[in-house]
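In this note's numbering, each number is its position in the sequence shown, counted from 1, plus 209. Note that beta-carbon positions come from the ideal geometry of N, C-alpha and C, so glycine has one too. These notes concern the structure reproduced below.
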Amino acid sequence: SKQLKGHDQWVVSLAYKNETLASLDVAGLLILWKDFVQTKQLCVGATGASVLLSEKWLITGGDAMVKVFDLLSLTCRQSFKAHELQIIKVDAAFDEEGEGFTIASMGGDRRTLLWRV
210 SKQLKGHDQW VVSLAYKNET LASLDVAGLL ILWKDFVQTK QLCVGATGAS VLLSEKWLIT
270 GGDAMVKVFD LLSLTCRQSF KAHELQIIKV DAAFDEEGEG FTIASMGGDR RTLLWRV
């Protein structure tokens, strides 16, 4: 086993895809890891709750916001208020071509919502 060090706060979500690991802590710090080495850091919000990786996209949920980042450049492509309270979890279903997708978000406001992106 390996121990990865990089967060000062507790980690609330992990995603792993194609040898890339994304870890998101409660303070909203996202770290990308490749071969157990830290490659990039990004602050995605005041609080973090959930992270998802695909071939092209990085999706985060925290505060009441959902954010969609281009995985290579880490450019935020879309950001929207999804809930009245903290987001608890995000997930997504991707089209076969990998371009469009639907995000599901669950929040502390006791709602589960679907978003077409």
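Taking the alpha-carbon of leucine 323 as reference, which of Gly316, Gly317 and Ile312 has the nearest alpha-carbon?
If you number the sequence shown from 1, residue 323 lands on position 114. Of Gly316, Gly317 and Ile312, the residue nearest in Cα terms is Ile312.
Selected residue, minimal CA-CA separation from glycine 257, among Gln247, Gly270 and Thr284
Taking the first residue of the sequence shown as 1, we reach residue 257 at position 48. If we check each option's Cα against that of glycine 257, Gly270 comes out closest.
Bounding residues of the beta strand (DSSP E) (the contiguous stretch that carries methionine 299):
Here residue 299 is taken as the residue at index 90 of the sequence shown, counted from 1. A small correction: the amino acid at residue 299 is valine; methionine does not occupy that position in the sequence shown. Valine 299 -> beta strand (DSSP E) spans 296 to 303.
Give me the Cα-Cα distance between histidine 216 and leucine 238, rounded to the nearest whole angstrom.
In the sequence shown, counting from the first residue as 1, residue 216 sits at position 7. In the sequence shown, counting from the first residue as 1, residue 238 sits at position 29. Rounded to whole angstroms, histidine 216 to leucine 238 spans 8 angstroms at the Cα level.
Where valine 179 and lysine 298 are concerned, what is the direct C-alpha to C-alpha distance, given to the nearest angstrom?
No answer is possible for residue 179: the residues shown for the chain start at 210 and end at 326.
Taking the Cβ atom as the reference point for each residue, do aspartate 304 and phenylalanine 310 lie within a distance shorter than 8 angstroms?
Mapped onto the sequence shown, residue 304 falls at position 95. Mapped onto the sequence shown, residue 310 falls at position 101. Taking 8 angstroms as the Cβ cut-off, aspartate 304 and phenylalanine 310 qualify as a contacting pair.
Tell me which same chain residues have a C-beta within less than 7 angstroms of the C-beta of leucine 261, skipping the five on either side of it?
Position 52 of the sequence shown, counting from 1, holds the residue named residue 261. Contacts found: Ala224, Ile268, Val299, Asp300 and Ala301.
Apart from the five residues just before and just after isoleucine 296, which ones in its own chain have a Cβ nearer than 8 angstroms to its Cβ?
Here residue 296 refers to the residue found at position 87 of the sequence shown. Contacts found: Ala258, Ser259, Gly270, Gly271, Asp272, Ala273, Met274, Val275, Ser314, Met315, Gly316 and Gly317.
Since I believe serine 222 is in contact with leucine 213 (beta carbons under 8 angstroms), could you give me their beta-carbon distance rounded to a whole number of angstroms?
In the sequence shown, counting from the first residue as 1, residue 213 sits at position 4. In the sequence shown, counting from the first residue as 1, residue 222 sits at position 13. Incorrect: roughly 14 angstroms between the Cβ atoms, too far for contact.
Have a look at Ala231, Phe245 and Asn227 and flag the residue whose alpha-carbon is nearest the alpha-carbon of serine 210.
The count along the sequence shown starts at 1 and reaches residue 210 at position 1. The shortest C-alpha to C-alpha distance from serine 210 to any of Ala231, Phe245 and Asn227 is the one to Phe245.
Would you kindly report the start and end of the unbroken beta strand (DSSP E) that includes glycine 309?
Residue 309 sits at position 100 when you count from the first residue of the sequence shown. Premise fails: glycine 309 is in no beta strand (DSSP E) and is neither H nor E.
With DSSP as the reference, please indicate the residues paired to phenylalanine 278 in a beta bridge.
The residue labelled residue 278 in the question sits at position 69 within the sequence shown. DSSP lists Leu267 and Cys285 as partners of phenylalanine 278.
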